[in-house]
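**Student:** Before I ask anything, here is the structure I am working with.
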Amino acid sequence: MENSNEKVAPEFKEYIDSRIIQIIDETIQKIRDILDQVEGLVHEIWDIVQIIAAMIAEARSMFQGTAQAAA
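Numbering (my numbering), first residue to last: 12 to 82.
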């Protein structure tokens with residue numbers, strides 16, 4: 012007599028395999044979305060760093076001008 016599990020197992024294996032592939036694809040897409048968000052944040056942080064650097068340079072220039080005027 013043939014075991015009924017042998018009939019179901021290949022179909023179940025195909026389902027499991029397709030589900031694993033689906034989960035992997037979804038995970039990869041989520042990782043891509045997160046990396047896109049991180050890239051956007053890095054660009055925003057870089058813009059802020061450049062603004063701060065410009066403000067520091069301006070403050071240094073103003074301080075040097077004030078110090079020279081006082082001297």
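Virtual Cβ for every residue (Gly too), placed ideally from N, Cα, C.
1. Between which residues of its own chain and GLN61 is the CB-CB distance below 6 Å, once the five residues before and five after are set aside?
2. Could you tell me the alpha carbon to alpha carbon distance between GLU69 and GLN75, rounded to whole angstroms?
3. Tell me the rounded alpha-carbon separation between TYR26 and GLN33.
**Tutor:** Reading it off the structure:
1. Excluding the 5 residues flanking it on each side, GLN61 has no same chain C-beta neighbour closer than 6 Å.
2. Per the coordinates, the alpha-carbon of GLU69 lies some 10 Å from the alpha-carbon of GLN75.
3. Answer to the nearest angstrom: the Cα atoms are 10 Å apart.
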